[in-house]
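Chains as they are written, first to last, in my numbering: chain A, 13 to 124; chain B, 381 to 911.
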Amino acid sequence: MRVLRIFLYLCIVLTISSCYSVRFQVSNGQWESADTEIDGSYAGYNVHTLDTIVTIKSTTGKDYFNIYDCPSGALHTVEYKNSLGSILLNCITFGRKKKVKIKYVCIKENSM
Amino acid sequence: MATTKIDKRMRWDTLHKNGPFPLKFFLTTKLEKNSSGLTGFEKYNNAALEIQKLIQQAADKNERFRAIGSKWSMSSIAHCKDRLHYNSFMNLKFSIFEGEMHEDSTYDHSNLFWFQCGNQIKEISLFLERRGKSLKTSGASNGQTIAGCISTGVHGSTIDMGSVQDYVVGLNLIVGPKPEDILYIERKSKPALRDTYTQNFNSRVIRDDEIFNAVLVGLGSMGVIHGVVIEAENLFLLHRYVKKIEKAKALQLADRLDFNTYDPKIPGSNFKGVRPFHYKIFINPYNTNEKEYAVEFIYKIKYYENYKKDFGNPIPFQKEFVYLDLIYLFIKITERFPKSIPKLINLLKSSILPKEEKTTVGKLSEIFWDTGYQGRAFACSFGVDHKHSSKTLEVLTELTRKHPVPGIFAMRFIKQSEATLAFSKFPFTCMIEIDGIQWSDKEKLISLKEYSTKMIQVLKDTNIPFTIHWGKNANWGFHGLVEHMYGDKVKKWKKVRSSLLSTQMQDLFSNEFLDSTKLSKPLISDEDLIA
Chain A
13 MRVLRIFLYL CIVLTISSCY SVRFQVSNGQ WESADTEIDG SYAGYNVHTL DTIVTIKSTT
73 GKDYFNIYDC PSGALHTVEY KNSLGSILLN CITFGRKKKV KIKYVCIKEN SM
Chain B
381 MATTKIDKRM RWDTLHKNGP FPLKFFLTTK LEKNSSGLTG FEKYNNAALE IQKLIQQAAD
441 KNERFRAIGS KWSMSSIAHC KDRLHYNSFM NLKFSIFEGE MHEDSTYDHS NLFWFQCGNQ
501 IKEISLFLER RGKSLKTSGA SNGQTIAGCI STGVHGSTID MGSVQDYVVG LNLIVGPKPE
561 DILYIERKSK PALRDTYTQN FNSRVIRDDE IFNAVLVGLG SMGVIHGVVI EAENLFLLHR
621 YVKKIEKAKA LQLADRLDFN TYDPKIPGSN FKGVRPFHYK IFINPYNTNE KEYAVEFIYK
681 IKYYENYKKD FGNPIPFQKE FVYLDLIYLF IKITERFPKS IPKLINLLKS SILPKEEKTT
741 VGKLSEIFWD TGYQGRAFAC SFGVDHKHSS KTLEVLTELT RKHPVPGIFA MRFIKQSEAT
801 LAFSKFPFTC MIEIDGIQWS DKEKLISLKE YSTKMIQVLK DTNIPFTIHW GKNANWGFHG
861 LVEHMYGDKV KKWKKVRSSL LSTQMQDLFS NEFLDSTKLS KPLISDEDLI A
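In structure tokens form, the structure reads like this:
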């Protein structure tokens, strides 16, 4: 019973610690605004989300994603999120499947 | 043509969640695409026609219409229940050339720029910096649109400059759906642009000081501000230093604004006797034993390219923030146990007060950079003559100790504005503000409405003349409040409004905020019109 409890605690700690996000943003650009009810640090920002699972083929090299919905052609913020689920998915598929969750904010059009 | 997306909505809220407020339609106008090959003037005029079309649609339905920008105001000034017009995507920019200046203009053409309403402070700053220019002042942050800033009187603590509206030299207003309803207004005493230039914007020119000053802080009710002509200046640097100074000295400086003999003793610099560009005092109202206040001194210095080499980057590489959940947890505690507020404020002190004893040097846009915390906030902000600074602080902090709320006080100082309804109406206005996190009215704390009512009452009782920041929380329905603050200026403002807007348009550009302050009520008698 005690072992099970320790195992459970370990799982919780692992789950929490493996969930993280890293956010990059340019300091000298105007973000694209939006009137939404988003709370917190993205309040007032037009946030786009890319949430997908990609399958890597053994014959292809590094993958990249095209972003089509930035009229200015420039990014203001990119936030990459990792979770235990995405790590496990990558692990059990031997790196063939990757969960990608990215939030991004464009530079406002005509602001430069 | 510019295009507008019309969304049906049930509600709308401010950036700091001071609502929600009911709403019928949310309108978002976007400019013609750059690939259209249209000139800037053509795109701008297309947008003007689109706005007029939307005004006509609202008028046909007997509904109200209001332009909004970044919704930073915490009062309901930006809201109307029918149609809100979001203008953030309308952000064209025009430089002014020598041949476009009015023959009697005293402005340097290279400092003048015409910005469409949806330009935000940050993008304006970046645009100007690429041309070696800077805004003269801004608010504490940079997300507001230029039209929003001037409509509500956004200010910093620039003692000898004033607020954002004070460097506006011309306004392009749309006051109705007819062709002659597109106006360009500037001061007769300080003309800026040649009529032939304003014709590019299909505008009817009005040069009149009284009209200009009234529309300058127009509370979003003088029509749609489509464009703003501002006067910028050459790039400069700001030298910022926060230190604790003796309470009595900080307040004496506030009451006198005399820095002739004062030495802030900032390491590595000599600012003895120098009048600061910006002076701000932070006050924890719950710590009566505090012998010193944290004070922010900002001095204007000459711009040079390699300032980052000498002082480091003013914008932090890694931005820190306080966990919002932690703040909300504290607020939940204080709602149940009001007496815990002083302790919790002291606990959060290091996070909510600026870091001391660190020199930061940067451009205006770097010193007043992105805001860190954008959650459920409240702010009550009163303007008083700076000579009454310490007395007002005493009265308001005493009230706050009797009725604790989760916030801290600050004092900022701004030069008098010429705008008719500017809250910076005193020769030098001290803005005394309490900023903090919203709380629930249901618990043991005093409600925000009740708290702000008591603030008004206590200032009236002590005979301290005051104004209130239009974009901040207050009991705006307080009987006779606006007349008490502005006296006959209210009639002047209404007179200009009724001269520019038809009765139908006056109602169309009104909202509940204007109704509650009685500013939407037109002047009726000849006597009123003469006043």
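All residues carry an ideal CB built from backbone N, CA and C; glycine is no exception.
Through-space distance from residue j to residue i, alpha-carbon basis
| i | j | result |
| --- | --- | --- |
| S601(B) | F889(B) | 5 Å |
| A911(B) | L881(B) | Caution is warranted here: a pLDDT of 42 is assigned to A911(B), below 50, making its placement in the model unreliable, and the coordinate value is therefore given only provisionally. Taking the straight line from one Cα to the other gives about 19 Å. |
| L779(B) | F793(B) | 22 Å |
| L22(A) | T538(B) | 55 Å |
| T71(A) | L101(A) | 20 Å |
| N891(B) | L429(B) | 23 Å |
| S98(A) | W452(B) | 37 Å |
| F405(B) | S900(B) | 22 Å |
| L599(B) | I530(B) | 8 Å |
| T394(B) | A759(B) | 13 Å |
| G587(B) | M481(B) | Inspection of the sequence shows that residue 587(B) is occupied by Arg rather than by Gly. If you take the alpha carbons of R587(B) and M481(B), they lie about 14 Å apart. |
| W873(B) | F697(B) | 47 Å |
| F493(B) | I565(B) | 15 Å |
| I476(B) | A612(B) | 12 Å |
| E907(B) | K680(B) | Reliability fails at E907(B), whose pLDDT of 49 lies under 50, so the model's placement of it is uncertain and no value is given. |
| N426(B) | I435(B) | 14 Å |
| I844(B) | V838(B) | 9 Å |
| V552(B) | E590(B) | With the sequence shown as reference, residue 552(B) is identified as Asn, and Val is not the correct amino acid for it. Their Cα atoms are separated by approximately 16 Å. |
| E483(B) | I501(B) | 30 Å |
| T739(B) | R655(B) | 17 Å |
| F495(B) | A520(B) | 21 Å |
| K645(B) | G787(B) | 30 Å |
| S804(B) | E737(B) | 30 Å |
Proximity winner among the options, relative to residue i (alpha-carbon distances)
| i | options | result |
| --- | --- | --- |
| S95(A) | S33(A), M124(A), E44(A), Y80(A) | S33(A) |
| V775(B) | F846(B), Q524(B), A382(B) | F846(B) |
| F806(B) | K871(B), D561(B), D635(B) | D635(B) |
| V38(A) | K771(B), R756(B), I695(B) | I695(B) |
| G653(B) | P665(B), D638(B), N667(B) | D638(B) |
| K461(B) | I681(B), M390(B), Q436(B) | M390(B) |
| K735(B) | G556(B), N398(B), L631(B), A674(B) | A674(B) |
| K513(B) | Y684(B), L596(B), P557(B) | Y684(B) |
| T64(A) | K113(A), K120(A), M124(A) | K113(A) |
| A458(B) | K680(B), S879(B), N398(B), D575(B) | N398(B) |
| T61(A) | I104(A), G107(A), N122(A), C82(A) | C82(A) |
| P402(B) | G420(B), T419(B), N426(B), R444(B) | R444(B) |
| Y866(B) | W850(B), S878(B), S879(B) | W850(B) |
| S871(B) | T800(B), S832(B), E813(B), Q796(B) | Position check: residue 871(B) holds Lys in this sequence, whereas Ser was assumed. For K871(B), the nearest C-alpha among the options comes from T800(B). |
| Y472(B) | F507(B), A439(B), R756(B) | Residue identity check: residue 472(B) is Leu in the sequence provided, not Tyr. The candidate whose alpha carbon is nearest that of L472(B) is F507(B). |
| S490(B) | D750(B), K385(B), V609(B), G692(B) | V609(B) |
| R446(B) | G528(B), P902(B), R511(B), L615(B) | G528(B) |
| S53(A) | K385(B), S797(B), S832(B), D750(B) | D750(B) |
| V66(A) | R14(A), Y116(A), K120(A), R108(A) | R108(A) |
Where residue i falls, given that 16 or more other Cβ within 10 Å makes a residue buried
| i | result |
| --- | --- |
| E676(B) | buried |
| H859(B) | exposed |
| Y642(B) | buried |
| L20(A) | exposed |
| V534(B) | buried |
| K388(B) | exposed |
| R620(B) | buried |
| M13(A) | exposed |
| N499(B) | buried |
Where the alpha helix (DSSP H) through residue i begins and ends
| i | result |
| --- | --- |
| S769(B) | 769–782 |
| V870(B) | 869–880 |
| L894(B) | 892–896 |
| H859(B) | Careful: H859(B) lies outside any alpha helix (DSSP H) and carries neither H nor E. |
| Y577(B) | 575–578 |
Boundaries of the beta strand (DSSP E) in which residue i is found, first to last residue
| i | result |
| --- | --- |
| E91(A) | 87–94 |
| V117(A) | 109–118 |
| F691(B) | Counting along the chain, F691(B) falls outside any beta strand (DSSP E), though it belongs to the alpha helix (DSSP H) covering 687–691. |
| L515(B) | Element bounds for L515(B): n/a, residue is neither H nor E. |
| G598(B) | That residue, G598(B), is in no beta strand (DSSP E); it is neither H nor E in DSSP. |
| C810(B) | 808–817 |
| V741(B) | 740–742 |
Cutoff 8 Å: residue i Cβ touching any chain C Cβ
| i | result |
| --- | --- |
| D393(B) | Absent from the structure is chain C; the protein chains it does hold are A and B. |
### Uninterrupted beta strand (DSSP E) stretches inside the region 397–428 of chain B (no shorter than 3 residues)
405–410
### Message
Quick check for students: name the residue ranges of the beta strand (DSSP E) that lie wholly in the region 627–679 of chain B, counting only runs of 3 or more.
### Response
658–663
### Query
Which runs of the beta strand (DSSP E) spanning at least 3 residues fall entirely within the region 27–76 of chain A, listed in chain order?
32–37, 59–67
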